[in-house]
Amino acid sequence: MIEEKSIVKVAMADLNVCDSQGILRTTGLGSCVGLTLYDPLLKIGGMAHVMLPSSSIAREGQLNLAKYADTALPVLYNKLLTLGASPGRLVAKMAGGAQMFAFSGAGDSMRIGPRNVDSCKEGLEQMHIPLIGEDTGGNYGRTVELDCSTGKFTIRSVQRDIKEL
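The numbers in full-length UniProt numbering rise by one with no breaks, and the one at position 4 of the sequence shown is 4.
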């Protein structure tokens, strides 16, 4: 019998969690980062589609915590702990953070992709969560999936081979 898994979509500036019956998926990662946390024993995972590195630049009235690396990671972490995940078992994988356009002399402010990657890595380090796989940088978009039954992280991009981490 073939087991049906549900696709749990994670929109831009969004996050979600699921158990072994689900596959987390986000599309349209350019400079954004698809950041995942996974507990291999309980087979539960979470994914955030991070748009920007720091909430300190937020201008919106009601802060969207999933939009920023520094706020999305703690929210995702706490959601997984609520489901029973153990902090000592959590591992991370991520993809995205591309530099989609070339800007001459624009300085650091236009390096959103690399800054998103750096901010996610800093947050993981502060929370003592090992980053065990990544596919970041470049100048192309990605679609990523985390299969919560296996922990397999799949990265698809146009004109590139499918990668599995």
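Don't be surprised by glycine CBs; every beta carbon is placed ideally from N, CA and C.
Quick caveat: nothing in here was measured; it's all calculated off a predicted structure.
Around the Cβ of R142, are there at least 16 other Cβ atoms within 10 angstroms (buried) or fewer (exposed)?
-> The Cβ neighbour count for R142, taken over all protein chains shown within 10 Å, is at least 16; the residue is labelled buried.
Could you tell me which residues DSSP pairs with T143 in its beta bridges?
-> T143 is bridged to R156.
Please go through the region 63-116 and give each complete beta strand (DSSP E) segment of 3 or more residues, from N-terminal end onward.
-> Fully enclosed beta strand (DSSP E) runs of no fewer than 3 residues occupy 91-96 of the region 63-116, in order along the chain.
Sequence-distant residues of its chain with Cβ nearer than 6 Å to M127 (five each side left out) = For M127, where only same-chain residues beyond five positions count, there are no Cβ hits under 6 Å.
Taking Cβ to Cβ, would you say L29 is nearer than 8 Å to M47?
-> For L29 and M47, no; Cβs fall outside 8 Å.
Since residue 200 is in the beta strand (DSSP E), which residue starts that stretch and which ends it?
-> Since the first residue of the chain shown is 1 and the last is 165, residue 200 is not available in this structure.
Close beta carbons around S55, own chain, < 7 Å, minus the five adjacent residues each side | The answer, listed in chain order, is L63, Y68, D70 and T71.
List the DSSP bridge partners of R49.
-> According to the sequence provided, residue 49 is His. The question's Arg does not apply to it. Here H49 is bridged, per DSSP, to G34.
Per DSSP, which residues does G133 bridge with? Please list them.
-> In DSSP, G133 forms a bridge with K93.
Using the rule of at least 16 other Cβ atoms within 10 Å of the residue's Cβ for burial, across every protein chain shown, is R115 buried or exposed?
-> Classified as buried, R115 has 16 or more neighbouring CB atoms from the shown chains inside 10 Å of its CB.
Assign K121 to one of three DSSP states: helix, strand, or coil.
-> Annotated three-state conformation of K121 is helix, per DSSP.
Could you tell me how far apart the beta carbons of V17 and C120 are, in whole angstroms, since I believe they sit closer than 8 Å?
-> With 8 Å as the limit, V17 and C120 do not qualify as a contact, their Cβ atoms being about 17 Å apart.
Cβ-Cβ distance between L15 and L81 below 8 Å = Contact flag unset, no.
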